[in-house]
Structure formats: structure tokens, C-alpha cells
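According to numbering that gives the first Met the number 0, the sequence shown is numbered sequentially starting from 0. Ideal Cβ positions, reconstructed from N, Cα and C, are used throughout, including at glycine.
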Amino acid sequence: MSMLRLCNRITKNAVCSSSTFSSSRRLIHSLQFATVKAEEISGSKPAEVQNLVQGNWIKSGDWNTILDPINGEPFIKVSEIPENGIKPFVDSLSKCPKHGLHNPFKSPERYLLYGDVSAKAGYMLNQPEVSDFFAKLIQRVSPKSYQQAFAEVFVTAKFLENFSGDQVRFLARSFGVPGNHLGQQSHGFRWPYGPVALITPFNFPLEIPVLQLMGALYMGNKPVLKVDSKVCIVMEQMLRLLHACGMPSEDVDFINSDGKTMNKLLLEANPRMTLFTGSSRVADKLAYDLNGRVKLEDAGFDWKILGPDVHEVNYVSWVCDQDAYACSGQKCSAQSLLFMHENWSKASLVNKLRDLAGRRKLDNLTIGPVLTLTTKDMLDHKNELLNILGSKLLWGGEELENHSIPSIYGAIKPTAVFVPLEQILKPEYYDLVTREIFGPFQIITEYKHSQIPMVLEALEKMHAHLTAAVVSNDPLFVQDILGNTVNGTTYAGLRARTTGAPQNHWFGPAGDPRGAGIGTPEAIKLVWSCHREVIYDFGPVPHKWQIPPST
0 MSMLRLCNRI TKNAVCSSST FSSSRRLIHS LQFATVKAEE ISGSKPAEVQ
50 NLVQGNWIKS GDWNTILDPI NGEPFIKVSE IPENGIKPFV DSLSKCPKHG
100 LHNPFKSPER YLLYGDVSAK AGYMLNQPEV SDFFAKLIQR VSPKSYQQAF
150 AEVFVTAKFL ENFSGDQVRF LARSFGVPGN HLGQQSHGFR WPYGPVALIT
200 PFNFPLEIPV LQLMGALYMG NKPVLKVDSK VCIVMEQMLR LLHACGMPSE
250 DVDFINSDGK TMNKLLLEAN PRMTLFTGSS RVADKLAYDL NGRVKLEDAG
300 FDWKILGPDV HEVNYVSWVC DQDAYACSGQ KCSAQSLLFM HENWSKASLV
350 NKLRDLAGRR KLDNLTIGPV LTLTTKDMLD HKNELLNILG SKLLWGGEEL
400 ENHSIPSIYG AIKPTAVFVP LEQILKPEYY DLVTREIFGP FQIITEYKHS
450 QIPMVLEALE KMHAHLTAAV VSNDPLFVQD ILGNTVNGTT YAGLRARTTG
500 APQNHWFGPA GDPRGAGIGT PEAIKLVWSC HREVIYDFGP VPHKWQIPPS
550 T
């Protein structure tokens with residue numbers, strides 16, 4: 000099936016929210032900014048992605064050809080900057096002073112500018128033609144169901160609406176404290192870093208880079224942005240939309256390159272802060288190379304505990320299926336390990352989960368390509384787990400049928416492996432069981448009430464602390480689990496989940512001073528600004544003051 004027909008079929012079945020503005024109030028012709036048509040990108044009509052530096056769109060002589068993850072056709076050509084071509088990007092960042100493009104004492108009108116840009120961009124993303132354009136473009140490069148892709152556009156639009164008008168300057172709100180004598184006051188300000196860098200992954204091609212990029216700009220920084228080349232076309236088009244909405248073209252540089260070239264750029268340009276979203280291995284390397292001047296949202300091996308009180312089994316089953324397998328499990332918040340109280344086993348939860356996993360199909364992208372692991376990688380991991388005493392395959396564990404996904408990607412059915420809790424805790428198995436598989440793959444285990452300390456021991460040994468869920472309406476149980484864990488975004492209660500974070504609450508890890516947040520005023524201030532204290536001391540000097548003895 001062609002991707003064009005696949006997108007059209009999914010769109011017909013999707014429920015899209017309509018714009019709250021009438022078409023007669025359109026800001027500009029809805030797709031005037033776009034240089035591609037998502038449905039037309041193909042091997043016979045490949046799209047091209049350019050770079051942006053110092054306000055100019057440029058091409059290099061080096062092209063990285065991206066394969067269509069559905070059928071393997073070479074369908075996007077990305078102009079990548081080689082190592083010997085980074086000088087314009089280094090120069091551009093170097094021109095930005097440490098005190099930023101704006102701050103509370105310099106060019107404060109730019110706070111208002113970005114409030115206006117956000118309002119216009121949020122309005123644009125709410126136009127049905129524009130939201131559909133980005134949802135389909137996301138599907139082309141990071142295949143997921145239309146509903147999942149559209150939700151990414153929706154969250155991004157809501158974020159932009161949240162920071163329209165005066166909300167940008169409210170991020171820079173200061174505070175004052177009376178001093179020790181007349182004329183003295185101390186004032187705390189949120190201060191930009193100046194030149195900064197962002198590196199974002201493939202799985203949310205629009206939401207993650209837009210939310211972090213705009214946060215950097217709101218606070219007065221000059222960012223260079225690198226998005227995974229497999230999906231960078233989405234952000235290239237979004238930058239063109241932002242320019243159409245009034246963002247100065249020289250405020251953001253956009254580079255496509257391999258990792259080695261980007262690392263060289265960071266070392267030579269020496270940004271004052273770098274935000275990285277991606278694997279723990281790369282995160283740790285960047286932290287070392289950049290002397291700790293980083294904020295990280297790295298890997299997430301995320302857990303969910305089903306408490307002893309069993310309610311709404313159908314609903315809880317559905318949420319578990321969504322958390323584990325939506326976007327083919329390629330979310331940093333995806334449910335990786337499910338601790339199931341024995342009471343849930345008696346409620347036939349596992350059978351319901353098996354049935355829900357079986358509904359997922361390639362033809363509507365409720366299951367699809369895995370972009371960072373091959374089929375062999377994931378099946379080999381399954382086989383290693385099945386060598387553990389007492390483990391068993393619950394469902395999946397096979398390659399998808401009748402697909403044309405290229406071999407550089409993965410294609411497996413939604414998979415779950417049961418591993419006994421006692422075996423998980425054994426030193427020889429713990430690292431294997433808690434290895435993050437960035438695909439439709441989860442571990443399920445069972446515990447009794449007397450084994451809660453063992454569950455907590457398993458959680459304490461984990462290294463990644465991004466999202467978690469405690470599914471229970473028992474307040475004492477919830478209190479016990481929350482008081483003994485650390486995950487930065489933890490959902491609690493009967494409707495708790497691990498994925499689907501909207502724009503209205505913090506999303507990020509905890510337990511690591513390098514941890515980044517996204518989406519909220521607190522996250523923006525933490526990641527994209529630092530504290531500056533200014534102490535005013537104008538006097539007057541006391542009457543008849545005399546020089547005191549030396550101290």
C-alpha cells in the first residue's frame with residue numbers, strides 16, 4: 000500500500016478538532032509557508048531539506064538520503080553540513096553575547112515580539128489545513144497513527160497559545176527584597192545564557208523541538224537547532240511557518256549534520272548551555288565534552304504499578320496498551336515494565352492486554368517501523384529474556400507480516416515477556432531485564448502484597464527516572480510508593496498513565512541535577528535561564544559618616 004493511500008485512509012477515520020477561528024480571519028494563506036506536500040513526497044519526487052544560518056537558507060554539497068520507513072524508497076534528501084563547513088554556524092553563535100539577544104534590561108520589546116509570534120503560530124497550527132499538513136508530514140517520517148500525529152500538533156499549538164500575549168515577559172518576572180539600610184534593595188532576575196544549542200530526537204519531530212526552541216527564544220537566547228536527520232523536514236517546515244508569523248530569520252540557526260560534525264560544532268562554538276533529548280550514552284558524552292553545561296532528557300525505562308485495588312479493568316487495560324504500544328513504543332515515556340498485583344491477574348488483565356495488542360495493525364500505523372533498532376535486535380533481546388528461569392512469552396515476539404519496512408529498521412508485533420520478580424532482582428539478570436528497548440516491547444511481572452519491598456528495591460536500582468504510574472485509588476498504597484520513588488513525571492490514581500503528557504504540566508526526569516523539563520513556565524525558566532541578582536545601593540550615606548578602623 001502506498002503511503003499516500005495509507006495517510007488518506009487514516010485521515011478519513013480520524014476525528015480532527017476544528018479551528019476556533021473562522022476561515023474569514025485567516026492570518027495568511029494557510030500553507031503559504033510550506034515548500035513540500037506531505038502526500039507527494041516519494042522516491043520519484045523526493046523532498047529536500049536545507050539548513051538555516053544567519054538568516055539564510057543554504058545547501059551543502061553533501062546529501063543524506065533518507066529511506067521511507069514504510070517501503071524503503073529514497074524519499075527525502077537532507078543537505079548535511081560537513082565538518083569543514085561549520086564555520087558560519089560557529090560565527091553566528093559567537094556573535095551572540097553572553098547576556099543574550101534580550102534580557103530585562105536590554106531590548107525588552109522582544110518579549111512582546113515573541114508573545115505575538117506565539118499567538119500567530121498557535122493560530123496557524125489550529126487551521127485544519129495546517130494541522131493536517133503537519134500531522135501527515137510527521138506520519139511520513141516517524142510513522143504513527145493519525146490520531147497520535149495529530150495529538151502532537153495539537154499539544155504544540157496549545158503550548159504556543161499558552162505563551163502568547165504577555166505570557167513571555169511573565170517568564171522573566173523578577174522579585175525584590177528590602178535591604179539593610181535606606182536605598183538598598185536586592186532584585187532577582189531570570190537571565191539568558193546567550194548562545195545555546197538544542198539536539199532533539201526522531202520520535203516527536205514537532206513537539207519536542209518547538210517547545211524547547213521557543214522556551215530558549217522566550218528567555219533571550221540565540222539557539223542552534225539540530226533535529227535527527229530522519230525527521231528534520233518537519234522542523235524545517237515549522238521554522239518557515241514561524242518566519243511567516245514574524246520570527247526574525249536570524250534568531251535561530253538550523254543545522255543538519257551527522258553526530259561527529261555536531262559534536263565538533265559544539266566544541267568550537269562553545270554554547271553556554273546545550274539541551275539534549277535522546278540516549279543516555281550520548282547524553283553522558285556531551286556532559287563530559289561540554290564540562291557539564293548541559294540539560295538532559297535522556298532514556299526512560301518507565302514503570303507502572305497496578306495496586307491491590309482492582310477497578311475498571313477495561314479502562315486500565317486500554318491505558319496499559321496505549322502506554323506500551325502507541326507510536327510503536329517509541330516514546331521516552333513508554334511503559335517498559337508493568338508490576339501487576341496478583342489481584343489483577345485474577346481479573347483476567349493479561350488476556351485483555353493480549354486482545355488489545357492484537358488489534359494493532361500496520362495499515363493504520365497503530366503498529367509500525369521501529370527507527371532505532373532492527374527486527375533482529377528486538378527478537379534477540381526477547382530470546383535472551385526467555386532464557387531466564389520462569390520467564391515466558393505472553394504475546395508477540397514475531398516479525399510483522401506482509402510488510403515492506405526496510406531492514407535497517409525494526410518490524411515486530413507488539414510484544415510482552417513475563418519475568419518473575421525474584422529473577423528480575425538477581426544481579427545477573429537485572430541489567431538485561433531493564434534494558435530499554437525503544438519499540439513495542441514490555442516486561443510484565445507479578446507481585447504479592449508481601450513483595451512490595453522487592454518492587455521498591457527494583458525501582459531503587461534503576462538509573463532512568465522519567466515517567467511512572469501508580470494505578471490505585473488506595474491513598475495509603477499510593478503514598479507509600481510515591482514516598483519511596485523519584486520519577487520526575489509520576490501519575491497516580493486509577494487513571495494513571497505513563498505517556499500522553501500534555502502541555503499543561505511539567506514533563507522531565509528527576510534525581511539528576513542535569514535533568515531538563517519541558518512545557519511549563521517552570522521548565523522554561525529552569526532550562527533556558529539562570530538566576531542573576533542585582534543589588535541596588537544608592538544611599539544616602541549616613542550623615543557625618545567617617546572612615547572606620549580597618550577590619
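Please name the residue, chosen from SER278, LYS221, THR414, LEU372, that lies closest to SER248 on a Cα-to-Cα basis.
When the alpha-carbon of SER248 is set against those of SER278, LYS221, THR414, LEU372, the nearest one is in LYS221.
So which of THR260, ASP257, LEU238 has the shortest CA-CA distance to ASP250?
Here the closest residue by C-alpha is LEU238.
Can you check DSSP and say which residues form a bridge with ASN63?
DSSP lists VAL77 as partners of ASN63.
Segment contact flag, the region 427-445 with the region 329-346, C-beta cutoff 8 Å, min 3 pairs:
These segments touch.
Beta strand (DSSP E) runs wholly inside the region 417-464, at least 3 long, in chain order
For the region 417-464, whole beta strand (DSSP E) runs of length 3 or above, ordered along the chain, are 440-446.
Measure the beta-carbon distance from GLY514 to GLY487 and round it to whole angstroms, keeping in mind my assumption that it falls under 8 Å.
Right, their Cβ atoms sit about 6 Å apart.
Report the rounded CA-to-CA distance for THR466 versus GLY482, giving the unit in angstroms.
For the pair THR466 and GLY482, the Cα-to-Cα distance works out to about 15 Å.
Can you tell me the Cβ-Cβ gap for LEU385 and LEU431, rounded? I've got them flagged as a contact below 8 Å.
Beta-carbon to beta-carbon, LEU385 and LEU431 are separated by about 11 Å, too far to satisfy the 8 Å threshold.
List the residues that DSSP assigns as beta-bridge partners of TYR535.
GLN184.
Within 10 angstroms of its Cβ, does PHE20 collect 16 or more other Cβ (buried), or is it exposed?
Here PHE20 scores only 37 on pLDDT, less than 50, and its place in the model should not be relied on; the value that follows carries that caveat. Answer is exposed; the Cβ neighbour count stays below 16.
What does a CB cutoff of less than 6 Å around LYS143 pick up in its chain, not counting 5 residues either side in sequence?
For LYS143, where only same-chain residues beyond five positions count, the Cβ hits under 6 Å are CYS326, LEU364.
Straight-line gap, ILE27 to LEU424 (C-alpha atoms, nearest Å):
With a pLDDT of 40 at ILE27, under the threshold of 50, the modelled position of this residue cannot be trusted, and the question is left open.
Buried or exposed: which applies to ILE407, given that a residue is buried once 16 or more other Cβ atoms fall within 10 Å of its Cβ?
Exposed.
Hey, would you say GLU128 sits closer than 8 Å to LEU205, going by beta carbons?
Going by C-beta atoms, GLU128 is not nearer than 8 Å to LEU205.
If you draw a straight line from the alpha carbon of ALA13 to that of GLY438, how long is it in whole angstroms?
Because the pLDDT of ALA13 is 43, which lies under 50, any placement of that residue in the model is unreliable, and the number read from its coordinates should be weighed accordingly. If you take the alpha carbons of ALA13 and GLY438, they lie about 24 Å apart.
What's the C-alpha gap between MET2 and LYS105?
Its pLDDT being 48, under 50, MET2 is placed unreliably in this model, and the coordinates cannot settle the point.
For the region 516-533 against the region 164-173, do three or more pairs of beta-carbon atoms, one drawn from each stretch, fall closer than 8 Å, so that the two count as touching?
Yes, the region 516-533 is in contact with the region 164-173.
Please determine if the region 310-328 and the region 269-283 are in contact, where contact requires at least 3 C-beta pairs separated by less than 8 Å.
Counting C-beta pairs closer than 8 Å gives fewer than three between the region 310-328 and the region 269-283, which falls short of the contact rule.
Quick one: give me the first and last residue of the beta strand (DSSP E) that HIS340 is part of.
Here the beta strand (DSSP E) through HIS340 covers 334-340.
Hey, VAL533 and ILE232 are a contact pair by Cβ (cut 8 Å); roughly how many whole angstroms apart?
A Cβ-Cβ distance of about 44 Å is found for the pair VAL533 and ILE232, leaving them out of contact under the 8 Å criterion.
Taking Cβ positions, are GLU395 and VAL369 nearer each other than 8 Å?
Looking at the sequence provided, one finds Gly at residue 395 rather than Glu. Cβ distance not < 8 Å, so GLY395 and VAL369 don't count as in contact.
What are the start and end residues of each continuous alpha helix (DSSP H) run of 4 or more residues lying completely inside the region 80-162, in chain order?
Runs found: 86-93, 108-124, 127-140, 145-161.
Contact between the region 108-117 and the region 89-97 is defined here as three or more beta-carbon pairs at a separation below 8 Å; is this criterion met?
These segments do not touch.
Which residues does DSSP list as the beta-bridge partners of CYS529?
DSSP lists TRP190 as partners of CYS529.
Count the other C-beta atoms from every protein chain shown that fall within 10 angstroms of the C-beta of THR374, then say buried if there are 16 or more, exposed otherwise.
Classification of THR374: buried, given that the 10 Å Cβ count is 16 or more.
Nonlocal neighbours in the same chain, by C-beta distance under 6 Å from ASP227, ignoring five residues either side:
PRO200, PHE201.
For GLY487, three-class secondary structure by DSSP
In the structure shown, GLY487 sits in coil (DSSP, three-state: anything other than H, G, I, E or B).
The alpha helix (DSSP H) that contains ASN313, what's its start and end?
Counting along the chain, the alpha helix (DSSP H) containing ASN313 begins and ends at 312-324.
Boundaries of the alpha helix (DSSP H) in which THR260 is found, first to last residue:
Note, THR260: alpha helix (DSSP H), 258-268.
Pull up the distance between the alpha-carbon of ASP61 and that of ILE198, whole angstroms please.
The alpha-carbon atoms of ASP61 and ILE198 are separated by roughly 20 Å.
Residue ranges of each alpha helix (DSSP H) within the region 175-252, 4 or longer
206-217, 231-243, all fully within the region 175-252.
CB-CB under 6 Å to ALA463, same chain, minus the five flanking residues each way: which ones, in chain order?
Result list for ALA463: ALA298, GLY299, PHE300, in chain order.
What does the alpha-carbon distance come out to for the pair ALA268 and GLN53?
Cα-Cα distance, rounded: 14 Å.
Grouping DSSP H, G and I as helix and E and B as strand, with all else coil, what is ARG25?
Low confidence applies to ARG25: its pLDDT is 43, below 50, so where it sits in the model is not reliable enough to give any reading.
Would DSSP call ALA467 helix, strand or coil?
Residue state, collapsed to three classes: strand.
Grab me the residues of LEU455's own chain with a C-beta within less than 8 Å of its C-beta, minus the 5 sequence neighbours each way, in chain order.
Taking C-beta separations shorter than 8 Å and ignoring five residues to either side along the sequence, the partners of LEU455 in its chain run ILE480, ASN483, THR484, following chain order.
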